[in-house]
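Residue numbers (the UniProt record's numbering): 1 to 197. Beta carbons are placed, not taken as given, at the ideal position from N, Cα and C, and that holds for glycine. Inspection log for the structure reproduced underneath, given as structure tokens.
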């Protein structure tokens with residue numbers, strides 16, 4: 001377990017933990033693997049995140065998905081913030097934000113904190129979900145093209161070291177290659193289209 005959090009706050013990985021840079025590479029992110037609560041992600045498939053606007057201080061986005069045969073959409077807002085990292089056992093402040101405080105845009109409920117463990121700033125980002133599994137919850141986001149080819153090797157290695165070793169058998173594969181987004185923005189699973197919730 002201690003090894004699983006080694007990446008989170010060590011100086012060697014700070015350059016891979018700029019959360020604004022990680023989210024600013026694409027307007028669409030595919031939820032590849034999540035280890036979240038049943039309330040937030042239970043029974044969902046074809047999950048993707050549509051970033052509507054982003055600044056260096058925060059962003060607005062929506063989570064889009066298929067659940068029980070219907071399309072759904074939830075709007076979120078969030079602010080970026082920093083946690084300290086360790087350098088030679090000493091706490092140091094970061095120059096860039098590494099975490100996101102998120103909540104529902106409509107009423108501010110469902111508050112969640114996400115801390116960026118690792119991003120290659122091109123295809124893949126791995127987040128610690130602090131409210132889940134006593135701070136060991138994880139979420140992997142991929143850009144649209146990478147979601148169909150699989151997690152890059154470097155990202156998979158970090159995932160194995162930081163998330164998969166936490167002995168939680170609760171990861172959900174919330175995307176597969178039969179998930180598609182039409183030019184009109186509608187989610188499809190194979191050739192089947194779904195009505196909105």
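Is the separation between the beta-carbon of residue i and that of residue j shorter than 8 Å?
i, j, result
"residue 179", "residue 152", "no"
"residue 76", "residue 62", "yes"
"residue 85", "residue 94", "yes"
"residue 100", "residue 19", "yes"
"residue 31", "residue 47", "yes"
"residue 104", "residue 132", "no"
For residue i, which of helix, strand or coil comes out of DSSP?
i, result
"residue 161", "helix"
"residue 97", "coil"
"residue 56", "coil"
"residue 16", "helix"
"residue 146", "helix"
Given that a residue counts as buried once 16 or more other Cβ atoms are within 10 Å of its Cβ, and exposed if not, what is residue i?
i, result
"residue 64", "buried"
"residue 22", "buried"
"residue 114", "buried"
"residue 147", "buried"
"residue 162", "buried"
"residue 160", "exposed"
"residue 121", "exposed"
"residue 107", "exposed"
"residue 16", "buried"
"residue 177", "exposed"
"residue 98", "buried"
"residue 111", "exposed"
"residue 78", "buried"
"residue 57", "exposed"
I need the boundaries of the beta strand (DSSP E) containing residue i, first residue and last residue.
i, result
"residue 127", "124 to 129"
"residue 143", "137 to 143"
"residue 20", "It is not in any beta strand (DSSP E) - residue 20 instead sits in the alpha helix (DSSP H) that spans 19 to 23."
"residue 43", "That residue, residue 43, is in no beta strand (DSSP E); it is neither H nor E in DSSP."
"residue 90", "90 to 92"
Chain C beta carbons: is any one of them nearer than 8 Å to that of residue i?
i, result
"residue 100", "Absent from the structure is chain C; it holds one protein chain and no more."
Which residues does DSSP list as the beta-bridge partners of residue i?
i, result
"residue 78", "59, 102"
"residue 117", "Residue 117 is not bridged to any residue."
"residue 175", "Paired residues: none, contrary to the question."
"residue 28", "50"
"residue 64", "48, 73"
"residue 112", "102"
Looking at residue i and the ligand HEM, is the gap between the Cβ and the nearest heavy atom below 7 Å?
i, result
"residue 16", "With respect to the ligand HEM, the structure offers nothing, as it holds no ligand at all."
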